[in-house]
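Engineer:
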Amino acid sequence: MTSAVILFFVVGGLAIVFSLLVVFQRNVVHSAMALVATLFLVAVLFLTLDAAMVGILQILVYAGAIMVLFLFVIMLLNPAVLEGRRLAWWGLGSLAALLLLFELIPLLLDSSGPASGQGSAGAGFGSPEMLAQSLFYDFVLPFEIASVLLLVAIIGAVVLAKREL
Amino acid sequence: MTATMIDIGIVAVKAALVLSMLLNLAGLLGWIERKGSALIQDRIGANRASIFGFAGLGLVNTLIADPIKFLTKEDFIPPKGDRLLHTLAPCLALFPALVTFAVIPFGDVLVLGGREINLQVANLNVGILYIFSMASLGVYGIVVGAWASNNKFSLLGGVRGSAQMISYEIAMGLSVIGIVMVYETLELQEIARAQGEVLWGWLPAWGIFLQPVGFLLFFTAAVAETKRIPFDLPEGESEIVAGYHVEYSGAKFLMFFTGEFAEIVTAAALTTTLFFGGWQVPYLMRDGLHFPWGGSLLLPHLLVVLLQVAVFGLKVVFFCWLQILVRWSLPRFRYDQVMRLGWKMLLPLALVNVMVTAVLIVAFQSGPVKP
Chain U
114 MTSAVILFFV
124 VGGLAIVFSL
134 LVVFQRNVVH
144 SAMALVATLF
154 LVAVLFLTLD
164 AAMVGILQIL
174 VYAGAIMVLF
184 LFVIMLLNPA
194 VLEGRRLAWW
204 GLGSLAALLL
214 LFELIPLLLD
224 SSGPASGQGS
234 AGAGFGSPEM
244 LAQSLFYDFV
254 LPFEIASVLL
264 LVAIIGAVVL
274 AKREL
Chain G
72 MTATMIDIGI
82 VAVKAALVLS
92 MLLNLAGLLG
102 WIERKGSALI
112 QDRIGANRAS
122 IFGFAGLGLV
132 NTLIADPIKF
142 LTKEDFIPPK
152 GDRLLHTLAP
162 CLALFPALVT
172 FAVIPFGDVL
182 VLGGREINLQ
192 VANLNVGILY
202 IFSMASLGVY
212 GIVVGAWASN
222 NKFSLLGGVR
232 GSAQMISYEI
242 AMGLSVIGIV
252 MVYETLELQE
262 IARAQGEVLW
272 GWLPAWGIFL
282 QPVGFLLFFT
292 AAVAETKRIP
302 FDLPEGESEI
312 VAGYHVEYSG
322 AKFLMFFTGE
332 FAEIVTAAAL
342 TTTLFFGGWQ
352 VPYLMRDGLH
362 FPWGGSLLLP
372 HLLVVLLQVA
382 VFGLKVVFFC
392 WLQILVRWSL
402 PRFRYDQVMR
412 LGWKMLLPLA
422 LVNVMVTAVL
432 IVAFQSGPVK
442 P
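Residue numbers (the working numbering), protein chains in the order written: chain U, 114 to 278; chain G, 72 to 442.
This is how it looks when you write it as structure tokens:
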């Protein structure tokens with residue numbers, strides 16, 4: 114086993130442990146922190162795959178921005194008064210999990226592994242230049258549409274929060 | 072010993088060197104802050120430390136006595152607080168402050184025994200983004216510490232602190248875009264190298280000359296990120312006591328404290344690297360000094376590298392001192408003023424700076440725009 118494979122199993126295993134903790138913790142703040150740890154570990158996996166840009170953005174956007182807001186809301190809503198688990202939610206949750214599992218089964222059964230000669234990506238793969246190239250030249254229209262969508266969401270949030278402008 | 076073993080050894084030595092420099096400077100700053108504030112306010116300052124009745128070393132005694140005092144104090148966890156998160160929070164506050172330094176170059180290439188050593192712990196092609204991602208993790212120490220203390224003053228301080236940090240992160244990120252556009256890279260070592268060139272034959276191409284507005288915005292936002300006066304709203308003696316670390320004592324408080332000083336050092340090092348040439352000495356090339364008015368002085372390689380590292384250290388210490396000077400000279404803002412400054416002044420100015428830089432780059436570009 115190469116050191117890269119050992120690293121993958123250690124980081125991947127820890128990511129699984131923390132993602133299980135997200136679900137099985139009773140304390141919501143602990144769950145949120147476990148999710149932050151999971152996101153961080155997945156970012157490390159991206160780093161080992163020559164995708165430093167994606168890994169760093171994963172930390173910057175998900176762990177650094179979105180989860181902070183989640184944590185904010187959880188803390189201000191006081192998780193101590195959350196009600197107990199309900200059977201209906203258990204059923205729905207299990208159904209969603211089963212659906213995901215069916216999606217994953219073909220991937221898990223496919224044991225062919227990576228084709229030979231494709232061990233490592235080419236030079237410059239995952240670099241900011243390459244990402245910018247595809248975002249601002251090849252897919253510039255979808256990119257702009259997505260940013261307009263975000264703008265609409267921001268304006269909507271302002272309108273909802275401030276009744277009289 | 073194989074080649075990879077030597078490589079791993081070199082990286083380990085570099086990491087240990089940078090970490091010890093960062094921690095030592097952070098520790099020294101705690102003392103400089105006391106004596107410096109005394110100097111600014113015309114007092115004598117800390118001079119009463121005596122260890123086992125020995126006060127002979129004077130100032131050095133204070134430097135030793137401070138950590139001993141913190142480490143021997145009782146570690147108090149609020150009975151209704153969250154034990155796990157209360158202990159985790161100081162680590163979360165210290166970790167980002169320490170790892171950010173990994174991508175900051177402290178010298179050019181050192182050639183030792185035919186081996187080229189890049190004087191930077193990790194050379195990431197997304198260096199600047201790495202710094203911002205680590206800075207964005209700094210919020211957790213505050214939020215988690217504030218919540219785990221189970222104290223309303225703590226929580227208020229934590230909410231204030233995180234709102235402030237998220238606001239100024241945006242302005243800080245945008246203020247650096249100009250630098251990235253001018254030097255056309257996200258790698259900090261490349262940015263430092265590009266600043267070795269000269270403009271009009273004599274002016275070093277430092278960030279401060281190419282991006283003066285960017286420097287002002289970045290430095291302001293960086294001071295706000297360290298949560299010190301005039302931006303120390305997460306604390307407030309008259310309203311919310313010590314804010315998010317009101318329930319912390321002993322070694323855990325020391326960790327928050329060290330994290331703050333490590334942030335100061337990192338902010339100073341970043342300012343140096345982005346705007347003041349990093350390890351560059353004006354007119355110093357790899358083989359010696361070449362003055363624009365003719366004449367050159369050839370220097371041995373080791374001396375050149377030593378000069379670069381020493382000058383980098385000097386610049387960093389200067390900007391640390393500047394931050395301490397700011398902290399003891401200015402009165403603190405009100406909270407709404409902090410928010411208004413961040414969102415209504417710094418953010419629009421940073422956007423205008425990006426626009427103007429883009430227009431100027433396109434206007435002065437001789438060839439066609441790159442594909």
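We put the CB at the ideal spot given by N, CA and C, even for glycine.
1. Would you list the residues sitting across from E187/G in a DSSP beta bridge?
2. In the DSSP assignment, find the unbroken beta strand (DSSP E) run with H361/G in it and report its ends.
3. Roughly how many whole angstroms lie between the Cα atoms of G359/G and L417/G?
4. Could you name the residues of the same chain whose beta carbon sits closer than 7 Å to that of V269/G, not counting the 5 residues immediately before and after it, in chain order?
5. Do you know how far the Cα of L355/G is from the Cα of P305/G?
6. Beta-carbon of A128/U versus every beta-carbon of chain G: anything under 8 Å?
7. Looking at C-alpha atoms only, which residue of A263/G, L163/G, V425/G, T171/G is the closest neighbour of A86/G?
8. Please classify G209/G as buried or exposed, where buried requires at least 16 other C-beta atoms within 10 Å of its C-beta.
9. Is there a Cβ of chain U sitting closer than 8 Å to that of V214/G, yes or no?
10. So, helix, strand or coil for V269/G, using DSSP?
11. Using only the alpha-carbon positions, how far apart do L222/U and E216/U sit?
12. So, with DSSP's three-state summary, where would you put P149/G?
13. Less than 6 Å between C-beta atoms, sequence neighbours within five positions excluded: which residues of the same chain meet that for F203/G?
14. To test your reading of the DSSP string, which unbroken alpha helix (DSSP H) runs of 4 or more residues are found completely within the region 154–200 of chain U?
15. Please classify T143/G: is it buried, with 16 or more other beta-carbons within 10 angstroms of its beta-carbon, or exposed?
16. Mind checking if V141/U is an interface residue toward chain G, Cβ cutoff 8 Å exclusive?
17. So with Cβ pairs under 8 Å, would you call F289/G a contact of chain U?
18. Within the same chain, show all residues whose beta-carbon is closer than 8 Å to that of L100/G, passing over the 5 residues directly before and after it, in chain order.
19. Answer yes or no: does any C-beta atom of chain G fall closer than 8 Å to that of I267/U?
20. Please decide whether A164/U counts as near chain G, where near means a Cβ-Cβ distance under 8 Å.
21. With DSSP as the reference, label V352/G as helix, strand or coil.
22. With a Cβ-Cβ cutoff of 8 Å, do S220/G and V312/G count as a contact?
23. Quick one: is V186/U near chain G, going by C-beta distance under 8 Å?
24. Would you please verify whether the beta carbon of V181/U is less than 8 Å from any beta carbon of chain G?
25. Report the partner residues of S132/U according to the DSSP bridge assignment.
26. Does the beta-carbon of W202/U have 16 or more other beta-carbons within 10 angstroms, so that it is buried, or is it exposed?
27. Give me whichever residues DSSP pairs with L274/G in a beta bridge.
28. Residues of the region 194–205 of chain G in Cβ contact with chain U at a cutoff of 9 Å, in chain order, please.
29. In this structure, does DSSP put L368/G in helix, strand or coil?
30. Find the residues of chain G that neighbour V351/U, judging by a C-beta separation of less than 8 Å, and give them in chain order.
31. In whole angstroms, what separates the C-alpha of I267/U from that of I179/U?
32. Quick test of your reading: Y254/G and A295/G, contact by CB under 8 Å. State the CB separation rounded to the nearest angstrom.
33. Name the residues in the region 243–258 of chain U whose C-beta lies less than 7 Å from a C-beta of chain G; which are they?
34. By Cβ distance, which residues of its chain are closer than 7 Å to L159/G, with the 5 residues on each side in sequence left out?
35. Within 8 Å of any Cβ in chain U, is that where the Cβ of I77/G sits?
36. Could you tell me the alpha carbon to alpha carbon distance between L422/G and S246/G, rounded to whole angstroms?
Structural biologist: On the basis of the coordinates in this document:
1. One-based indexing of the second sequence puts residue 187/G at position 116. According to DSSP, E187/G bridges with V182/G.
2. Translated into positions along the second sequence, residue 361/G becomes position 290. 359–361 is the extent of the beta strand (DSSP E) around H361/G.
3. Numbered from its first residue, the second sequence carries residue 359/G at position 288. Numbered from its first residue, the second sequence carries residue 417/G at position 346. As the crow flies, the alpha-carbon of G359/G is around 40 Å from that of L417/G.
4. The count along the second sequence starts at 1 and reaches residue 269/G at position 198. P275, A276, P363.
5. As a first step, residue 305/G must be located in the second sequence, where it is residue number 234. As a first step, residue 355/G must be located in the second sequence, where it is residue number 284. Rounded to whole angstroms, P305/G to L355/G spans 44 Å at the Cα level.
6. Against the first sequence, residue 128/U aligns to sequence position 15. Not one chain G Cβ lies under 8 Å of A128/U.
7. Here residue 86/G refers to the residue found at position 15 of the second sequence. Comparing C-alpha distances from A86/G to each of A263/G, L163/G, V425/G, T171/G shows the shortest one belongs to T171/G.
8. Within the second sequence, the letter at position 138 stands for residue 209/G. Buried: at least 16 other Cβ atoms inside 10 Å.
9. Position 143 of the second sequence, counted from the first residue, corresponds to residue 214/G. The Cβ of V214/G sits closer than 8 Å to at least one Cβ of chain U.
10. As a first step, residue 269/G is located in the second sequence; it is residue number 198 there, counting from the start. DSSP places V269/G in the strand class (E or B) of the three-state scheme.
11. Taking the first residue of the first sequence as position 1, residue 222/U is located at position 109. Taking the first residue of the first sequence as position 1, residue 216/U is located at position 103. Cα to Cα, the separation comes out at about 11 Å.
12. As a working mapping, residue 149/G is identified with position 78 in the second sequence. DSSP places P149/G in coil when its eight states are reduced to three.
13. In the second sequence, the residue the question calls residue 203/G occupies position 132. So the list reads G244, once near-sequence residues are dropped.
14. If we require 4 residues or more, the alpha helix (DSSP H) runs fully inside the region 154–200 of chain U come out as 165–170, 180–190.
15. Position 72 of the second sequence, counted from the first residue, corresponds to residue 143/G. Burial call: exposed.
16. Position 28 of the first sequence, counted from the first residue, corresponds to residue 141/U. So, not an interface residue.
17. Locating residue 289/G in the second sequence gives position 218, where the first residue counts as 1. Judged by the 8 Å Cβ criterion, F289/G is not in contact with chain U.
18. Translated into positions along the second sequence, residue 100/G becomes position 29. Correct list, in chain order: F332, I335, V336, C391, I395.
19. For the purposes of this step, residue 267/U is identified with residue 154 of the first sequence, where counting begins at 1. No, its Cβ sits nowhere closer than 8 Å to a Cβ of chain G.
20. Against the first sequence, residue 164/U aligns to sequence position 51. Not one chain G Cβ lies under 8 Å of A164/U.
21. Taking the first residue of the second sequence as position 1, residue 352/G is located at position 281. Looking at V352/G - three-state DSSP - the assignment turns out to be coil, as it is neither helix nor strand.
22. In the second sequence, the residue the question calls residue 220/G occupies position 149. In the second sequence, the residue the question calls residue 312/G occupies position 241. Taking C-beta atoms as the reference points, S220/G and V312/G fail to come closer than 8 Å.
23. Position 73 of the first sequence holds residue 186/U. Not an interface residue.
24. Residue mapping note: residue 181/U aligns to position 68 of the first sequence, counting from 1. For V181/U, the answer is yes, since a Cβ of chain G falls inside 8 Å of its Cβ.
25. As a position in the first sequence, residue 132/U is number 19, starting the count at 1. Beta-bridge pairing links S132/U to no other residue.
26. Working through the first sequence from its first residue, we reach residue 202/U at position 89. W202/U sits exposed, since fewer than 16 C-beta atoms from the chains shown fall within 10 Å of its C-beta.
27. Within the second sequence, residue 274/G is the residue found at index 203, counting from 1. Answer is L270/G, bridged to L274/G.
28. For the region 194–205 of chain G, which is checked against every Cβ of chain U, the residues closer than 9 Å are L195, N196, V197, L200, Y201, F203, S204, M205.
29. In the second sequence, counting from the first residue as 1, residue 368/G sits at position 297. Reduced to three states, the DSSP call for L368/G is strand.
30. No information on residue 351/U is available, as it lies outside the stretch 114 to 278 that chain U covers here.
31. Reading the first sequence from its first residue, position 154 is the one you call residue 267/U. Reading the first sequence from its first residue, position 66 is the one you call residue 179/U. Per the coordinates, the alpha-carbon of I267/U lies some 15 Å from the alpha-carbon of I179/U.
32. Within the second sequence, residue 254/G is the residue found at index 183, counting from 1. Within the second sequence, residue 295/G is the residue found at index 224, counting from 1. About 25 Å separates the beta carbons of Y254/G and A295/G, which is beyond the 8 Å limit, so they are not a contact pair.
33. Residues passing the 7 Å Cβ filter: none.
34. Working through the second sequence from its first residue, we reach residue 159/G at position 88. Within the same chain, L159/G has close Cβ partners V215.
35. Indexing the second sequence from 1 puts residue 77/G at position 6. No, no contact with chain U.
36. Translated into positions along the second sequence, residue 422/G becomes position 351. Translated into positions along the second sequence, residue 246/G becomes position 175. Whole-angstrom Cα-Cα distance: 8 Å.
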